[in-house]
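Engineer: Counting from 1 along the sequence shown, just add 257 to a position and that's the residue number in this note's numbering. For every residue, glycine included, the Cβ atom is placed at its ideal position computed from N, Cα and C. Just so it is clear, the structure is predicted and the values come from calculations on it, not from any experiment. If you scroll down you'll find the structure; I have some questions about it.
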Amino acid sequence: EANRQRKQQVFLQTLKSGETAPWNRSRLMFVGQGRAGKTATVRSLLGHPFSIKTESTVGAHISESTVFSSIWKETDLPRNFSHRLAARLMLNGEKESPPKAKSQ
């Protein structure tokens, strides 16, 4: 309990100090039901206008963005990036096949 309180105290002191540190990279994944607004949210973060005509995303859409002072900019991924990622996921899935049921 004392250790927990000490950690909370350090955390609160750090917040009050106003010090900052660079946040070099993170990953963000939007998951949810179809037509829930995941693509619209990403488009909004990138500064694109809302469009009622946006098609539903089939499968997954992968993009990379940089953020400077709360401004998101989409960066170009290498050509065929999503195809290479999908192939890697498929290969990993084959290596990790589910265990076979034991016959009784």
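Check for me: the alpha helix (DSSP H) holding V315 runs from which residue to which?
Structural biologist: It is not in any alpha helix (DSSP H) - V315 carries neither H nor E in the DSSP assignment.
Engineer: On the DSSP bridge assignment, give the partners of F325 in chain order.
Structural biologist: DSSP, once it has assigned bridges, lists I328 as partnering F325.
Engineer: Using the three-state DSSP reduction, which class does N260 fall into: helix, strand or coil?
Structural biologist: N260: helix per DSSP, three-state reduction.
Engineer: Hey, out of V315, L303, K330 and E331, whose CA is closest to V288's CA?
Structural biologist: Among V315, L303, K330 and E331, the Cα nearest to that of V288 is on V315.
Engineer: If you reduce the DSSP assignment to three classes, tell me which class A297 lands in.
Structural biologist: Helix at A297.
Engineer: I think S313 touches R292, with their Cβ atoms under 8 Å apart; what is that distance to the nearest whole Å?
Structural biologist: At roughly 6 Å, the Cβ-Cβ gap stays under 8 Å, so S313 and R292 are in contact.
Engineer: Can you give the beta carbon distance from T311 to E321, rounded, assuming they're within the 8 Å contact cut?
Structural biologist: Rounded, the Cβ-Cβ distance is 20 Å, inconsistent with contact.
Engineer: Determine the DSSP secondary structure at Q266, reduced to helix, strand or coil.
Structural biologist: In this structure, Q266 counts as helix in the three-state DSSP scheme.
Engineer: Just the C-alpha distance for Q290 and T296, rounded to the nearest angstrom, thanks.
Structural biologist: Their Cα atoms are separated by approximately 11 Å.
Engineer: I'd like to know whether the C-beta atoms of G368 and W329 end up nearer to each other than 9 Å.
Structural biologist: Only positions 258 to 361 of the chain appear in the structure, and residue 368 is not among them; the question remains open.
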